[in-house]
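See below for the structure under consideration.
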Amino acid sequence: MYMEDDIAMKELILSEDKYKMNWVEGTTEWGTVKCKKELDVDVDSKRNGDIVSERYTFTNNSKRDVFTSLTDIGIYTPFNDDYVDAQTCLRYRCHTHICCGDDVSYIMAYRMGGEPPHLGLILTTGALSGYSVERNKERMSNDRGDFILHPAPFSLAPGESYSLEWVLFPFKEQNDFYKKAKKYCRHFIEVDAENYVLFEGENINVSVMPAFEYKCENVEILENGTPIKPEFKQNKIIINKPAERIGELKFDIIVEGVRTYCRLLIQPELSKLVRARCHFIVDKQQYNNAKSHLDGDYLIYDNEEKHMFYAPENDYNAGRERVGMGILLAKYLQGADDEMVDKSLRKYAAFVGRELVNEQTGEVYNDYMRDNSYKRLYNAPWFALFYSELYMLYRDRKYLTSACRIMQYYYSNGGGKFYAIELPILTMTNALKEAGMTQELAQMTEYFKKHADFMLEMGTEYPKSEVNYEQSIVAPAAQILEETYLLTGDEKYLEGIELQKKVLELFNGKQPDYHLNEVAIRHWDGYWFGKRRLYGDTFVHYWSTLTGIVYNYYANITGQKIYAKKAEKSLRAVLSMFYPDGSATCAFVYPVTVNGEKAHYADAYANDQDWGLYSALRYLK
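For reference, each letter of the sequence shown is one residue, going 0 to 620 in numbering that gives the first Met the number 0.
Have a look at this one:
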């Protein structure tokens with residue numbers, strides 16, 4: 000491991016790394032500290048082979064007591080986490096999974112290609128309670144930014160000091176990380192929950208596993224500030240109780256004075272959540288104006304100002320991802336008798352056929368009034384899925400005819416080499432089988448097989464798309480291979496599935512927080528789809544379900560139950576974007592601040608998030 004000096008760490012290369020990846024790279028140097036002028040800062044860094052120990056000591060240099068707030072102190076830790084191109088990313092970039100869990104805080108940084116060594120950080124002294132990012136806006140969606148770690152607030156009398164210490168170390172895989180974290184941090188506490196998003200009436204099951212000896216009388220658990228009694232089983236502390244109250248639950252965990260947390264969310268049962276959301280869309284997000292071409296469309300809703308919104312900018316327009324609202328309603332009605340929603344959906348379908356889709360040629364338009372001045376291949380499979388779900392609802396073959404024409408148009412325009420999100424392979428072919436449309440089934444099957452063959456050939460040679468490299472490039476590759484395997488039974492796709500899954504799961508975090516656990520790293524959607532137009536980690540974002548879908552198929556194909564559980568956690572996590580009254584948010588921007596602007600908020604726009612609820616309705620059992 001090499002560093003240019005003991006304070007500003009400009010380079011960190013692990014000795015066993017054949018690629019000689021530099022794990023440290025950002026705009027601001029590693030170890031830079033920003034804090035109140037009343038505090039003196041002393042930084043000490045030591046290394047022993049591949050192990051780096053750092054200590055940051057803050058001393059009150061004033062004549063009065065100093066009290067800090069969360070963002071008063073920031074320590075820059077710019078892990079090399081950005082998107083250049085796939086091949087560079089797989090070898091020379093890392094996914095940075097951050098857990099600011101007070102006394103138990105850590106970072107798992109995985110090389111994006113999955114090949115060890117990876118880099119871990121474990122806090123050994125002090126407490127961290129949040130992180131911020133500073134981003135290069137010129138790089139738009141391709142720069143995750145420099146990470147800034149925030150110590151938990153503290154107070155110092157004149158001349159008094161407070162220290163943070165951590166250790167950086169290489170690790171091979173997740174179990175190895177935890178083994179080494181417990182070695183370097185003797186007060187480490189591992190926390191995990193059976194589910195992080197639960198439905199009302201389900202059972203909460205949280206396991207707390209200290210790496211040190213403790214006395215039961217020195218264990219304290221607070222549920223939203225109120226003490227509760229845990230259970231003790233072997234060396235585990237168990238929180239086991241019914242999920243009785245809808246809303247967020249934060250369990251503060253204190254063992255022998257060591258403090259950390261677990262954060263859960265309780266939602267209404269899925270059927271109630273879906274119904275409320277569908278009714279909200281009908282009541283608040285369908286535009287009704289017979290004089291307008293927009294009549295019948297489902298639009299963005301501003302939860303702050305309580306009105307619909309449209310703009311011709313791509314991610315605020317009348318088409319594209321917002322078709323997810325129509326798809327959700329079509330799926331909901333397949334299991335519900337709801338006249339009001341049915342009437343609304345029929346009006347929306349008429350709008351789509353009039354303004355967004357040429358049902359004769361299969362062309363899908365980017366915006367209403369059949370505006371295709373911006374051509375986008377992503378759009379076509381989504382509307383083919385919409386028409387397929389309409390067929391499953393109404394059993395009218397005209398919808399499948401339209402879906403097939405859309406896919407014909409899509410593949411005639413280069414779709415066979417495109418990493419499409421939610422390509423409706425099984426939905427369409429199953430519907431075509433049921434409808435007895437054998438000729439169309441044969442044609443679609445051939446299209447899908449050729450598409451999967453291309454994905455098999457490409458492997459991890461992912462092309463750039465709207466983002467240079469991202470979870471929603473890898474996930475479609477995996478899903479296309481999985482669905483084609485399930486369609487054809489051809490085992491040649493199995494090896495490709497395995498390869499894609501291994502790369503995909505590195506995007507997902509394991510932290511004990513419903514925002515983060517089995518949630519894929521995405522860090523730009525709040526800017527493109529939100530009201531506040533703020534870049535930053537979007538935990539959670541609805542396309543995180545793509546990974547859950549891949550896990551679900553993988554579990555069914557291989558019989559590996561662990562992936563069924565991972566799928567469930569991933570699919571449930573996205574449900575935090577929906578509220579019991581049917582309102583919703585398009586993104587939760589997770590960092591404390593982004594470029595100095597306050598964050599950690601749910602964006603006010605309900606925009607494109609309904610894909611997440613559709614996936615939950617389809618895949619959660």
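Yeah, the Cβ is synthetic: ideal placement off N, Cα and C, and Gly gets one too.
ARG258: member of the beta strand (DSSP E) spanning 257 to 266, first to last residue. Contact between the stretch 353 to 365 and the stretch 392 to 406 is present: three or more C-beta pairs spanning the two stretches fall below 8 Å. Counting C-beta atoms within 10 angstroms of its own C-beta, ALA586 has 16 or more neighbours from the protein chains shown and is therefore classed as buried.
Cβ atoms of PHE57 and SER154 stay farther apart than 8 Å, at about 11 Å.
Just so you know, the alpha carbons of GLY535 and ALA519 end up roughly 13 Å apart. In this structure, DSSP gives ASP43 an extended state, which the three-state scheme calls strand. In terms of CA proximity to ASN141, ARG521 leads the group LEU545, ARG521, GLY119. In this chain, the alpha helix (DSSP H) harbouring THR444 covers 437 to 457. The criterion of a C-beta distance shorter than 8 Å is satisfied by PHE168 and ILE50. Counted as a single uninterrupted DSSP element, the stretch harbouring ARG143 is not any beta strand (DSSP E), since DSSP gives it neither H nor E. Contact annotation, GLY595 with SER569: C-beta distance approximately 32 Å; criterion of less than 8 Å not satisfied. Assignment of LYS36 by DSSP, reduced to helix, strand and coil, places it in the coil class. Contact annotation: the stretch 571 to 585 does not touch the stretch 496 to 510, with fewer than three C-beta pairs closer than 8 Å.
Going by beta carbons, ASN194 and ARG571 fall inside the 8 Å limit.
For ASN202, the enclosing beta strand (DSSP E) covers residues 202 to 209.
Annotation for LEU148: ILE74, THR76, LEU127, TYR130 place their beta carbon closer than 6 Å to its own, counting only its chain and skipping 5 residues before and after. Just so you know, the alpha carbons of THR426 and ASP337 end up roughly 23 Å apart.
Going by DSSP, ILE299 is part of no alpha helix (DSSP H) but of the beta strand (DSSP E) stretching over 299 to 301. Scanning its chain for C-beta atoms nearer than 8 Å, with the 5 sequence neighbours on each side dropped, one finds around VAL32 the residues VAL40, VAL42, TYR55, ILE72, GLY73, ILE74, TYR75, in chain order. PRO226 is bridged by DSSP to LEU221. Setting aside the 5 residues that flank it on each side, TYR109 is surrounded in the same chain by CYS93, HIS94, HIS117, LEU505, each with a C-beta closer than 7 Å to its C-beta; the list follows chain order. Of the candidates TYR418, PRO267, TYR409, PRO267 places its Cα closest to the Cα of GLU247. Comparing C-alpha distances from LEU455 to each of PRO423, GLU482, GLU494 shows the shortest one belongs to GLU494.
One Cα belongs to ILE479, the other to GLY611, and the distance between them is close to 18 Å.
Excluding its 5 nearest sequence neighbours in each direction, GLU230 has C-beta neighbours in its own chain below 7 Å: ILE237, ASN239, listed in chain order. Comparing C-alpha distances from LEU574 to each of ALA441, TRP542, VAL549, LYS500 shows the shortest one belongs to TRP542. By a beta-carbon distance limit of 8 Å, ALA180 contacts ILE121. Their separation comes to about 5 Å. Secondary structure of SER131 (DSSP, three-state): strand. Measuring C-alpha to C-alpha distances from ALA476 to each of ASP489, HIS450, ASN467, MET443 identifies HIS450 as the nearest.
Fewer than three pairs of CB atoms, one per stretch, sit closer than 8 Å, so the stretch 175 to 192 makes no contact with the stretch 218 to 229. In the displayed model, THR546 falls within a helix according to three-state DSSP. Here MET111 carries a coil assignment [DSSP, helix/strand/coil]. In this structure, DSSP gives TRP29 an extended state, which the three-state scheme calls strand.
A distance below 8 Å between beta-carbons, with the five flanking residues on each side excluded, links PRO241 to the following residues of its chain, in chain order: GLY200, GLU201, ASN202, ILE203.
Distance between GLU567 and ASN234, taken at the CA atoms: about 27 Å. It is roughly 28 Å from the alpha-carbon of VAL549 to the alpha-carbon of TYR604.
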